[in-house]
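Peer 1: Residue numbering for the sequence shown follows full-length UniProt numbering, beginning at 1 and increasing consecutively. Using N, Cα and C, we set each Cβ at its ideal position, and we do this for glycine too. Dropping a structure here in structure tokens format, bear with me for questions.
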Amino acid sequence: MSSTSLEAFYTKFGAGAGGANLADLSRQVGHFNVFNIADLAPYTGGERPMLFDKRLYYKISLCSGPSRVEYGDQVLDIAQQAVFLATPRVPYRWVPLTPTPSGYFCIFNQEFLLGPRGGGAVEELPIFQPGAYPLWEVSAAQAQAVQGLFEKMSQEITSDYAYKYDLLRSYLWELIHLVQKLQPAPSAPPAGSAAERLATQFGELLERQFPLPGPGQALRLRTPTDFADQLAVHVNYLNRALKEATGHTTSALLAGRLTQEAKILLRQTTWSITQIAEGLGFTDTAHFCTFFKRQTQHTPGAFRS
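Structure representation (structure tokens):
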């Protein structure tokens, strides 16, 4: 599966897209830019579909008007307005269903968000953790609050203020906190049992392997024993903990995630079935085909067509 770098992004939209002065930005730590969706039509012709792939940067969008987000193997519909978050881990594309879509988005990388001091990681934030839900439909008042921050960013990024990127970083953090507040609060603090902690570690370890970079590169961790060794626990203990925390065995969780990734690769890439089988760690194509049919009731070829 392909990946869109920042360089490829500006090749598509033009160096003049967004408010940032790229020469000025090159002297900063990390990358940040903000865009008005309506302003991008001159760079795209207004009708070119967005490619389904992963991006090598983070993105926060306010989408207004009917549209659809294809995210991994999910299809998410937007009726009026919604906030959408994308990470480098998951392939996606946004498909407007109106000729005049509107809204804003910003792109940034970890280096910019964390600033010169560094420390921590973007994926420690709840909204960017593996498995976090990527889209929230918002009310008119909530959309106005989010839009207000994007407008501040758009105004500040073109200013000549010497410390504008520090201020933009503050606006970005404010936006992240605003979006995190859109998530429903848990009714009670999580129990935090040993099984739940191990299940979380297992899930994070599993998700870090996807999406696959390209044909010829296979999963490093493939079996329950591989994960148990990486987590420094006995394979039987890992299985019991996952069963307690999730209701599923290690093998069932691995099979479900492999099936999900296989569906994405079959539908969204031109990889051959043999390349997909090898990438997902199957010893031969026939074994992969048997596995996929057992999981989905379809052969890989039938599912692709």
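Of all the options 95, 146, 173 and 144, which has the alpha carbon lying nearest to the alpha carbon of residue 122?
Peer 2: For the residues 95, 146, 173 and 144, the minimum Cα distance to residue 122 belongs to 173.
Peer 1: My parser needs the beta strand (DSSP E) runs of 3 or more residues fully inside the stretch 56 to 130; what are they?
Peer 2: For the stretch 56 to 130, whole beta strand (DSSP E) runs of length 3 or above, ordered along the chain, are 58 to 64, 67 to 71, 74 to 78, 81 to 86, 92 to 96 and 102 to 108.
Peer 1: What residue does the alpha helix (DSSP H) around residue 202 start on, and which one ends it?
Peer 2: 194 to 207 is the span of the alpha helix (DSSP H), which, as asked, contains residue 202.
Peer 1: Starting from residue 138, trace the alpha helix (DSSP H) both ways and give me its first and last residue.
Peer 2: Neither: residue 138 is in no alpha helix (DSSP H) and is coded neither H nor E.
Peer 1: Under the rule that 16 or more other beta-carbon atoms within 10 Å means buried, what is residue 88, buried or exposed?
Peer 2: It is buried - the Cβ of residue 88 has at least 16 other Cβ atoms within 10 Å.
Peer 1: Out of curiosity, what's the CA-to-CA distance linking residue 190 and residue 218?
Peer 2: The predicted position of residue 190 is uncertain, since its pLDDT is 49 and thus under 50; a value taken from the coordinates is nonetheless stated next. Those two C-alpha atoms are separated by around 35 Å.
Peer 1: Below 8 Å, can you find three or more Cβ-Cβ pairs linking the stretch 269 to 278 to the stretch 228 to 246?
Peer 2: No, they do not touch.
Peer 1: Once you ignore the five residues that flank residue 324 on each side, which residues in its own chain have a CB closer than 8 Å to its CB?
Peer 2: Because the chain is modelled from 1 through 305, residue 324 falls outside the range shown and cannot be assessed.
Peer 1: Can you name, in chain order, every residue of its own chain whose Cβ lies under 6 Å from the Cβ of residue 288, other than the five neighbours on each side?
Peer 2: Answer for residue 288: 277 and 282, listed in chain order.
Peer 1: Is the beta carbon of residue 63 less than 8 Å from the beta carbon of residue 81?
Peer 2: Cβ atoms of residue 63 and residue 81: closer than 8 Å.
Peer 1: Distance check for residue 157 and residue 35, CA to CA, integer angstroms please.
Peer 2: Computed Cα separation, rounded: 11 Å.
Peer 1: Is the stretch 91 to 103 touching the stretch 51 to 68 in the sense that three or more CB pairs, one from each, lie closer than 8 Å?
Peer 2: Yes, the stretch 51 to 68 touches the stretch 91 to 103.
Peer 1: Give me the DSSP bridge partner(s) of residue 53.
Peer 2: Bridge partners of residue 53: 92.
Peer 1: Is DSSP giving residue 235 helix, strand or coil here?
Peer 2: Residue 235 falls in the helix class under three-state DSSP.
Peer 1: Please name the residue in 155, 180 and 137 whose C-alpha comes closest to that of residue 125.
Peer 2: It is 180.
Peer 1: Bridge partners of residue 179, per DSSP?
Peer 2: Note: residue 179 sits in no beta bridge, so no partner.
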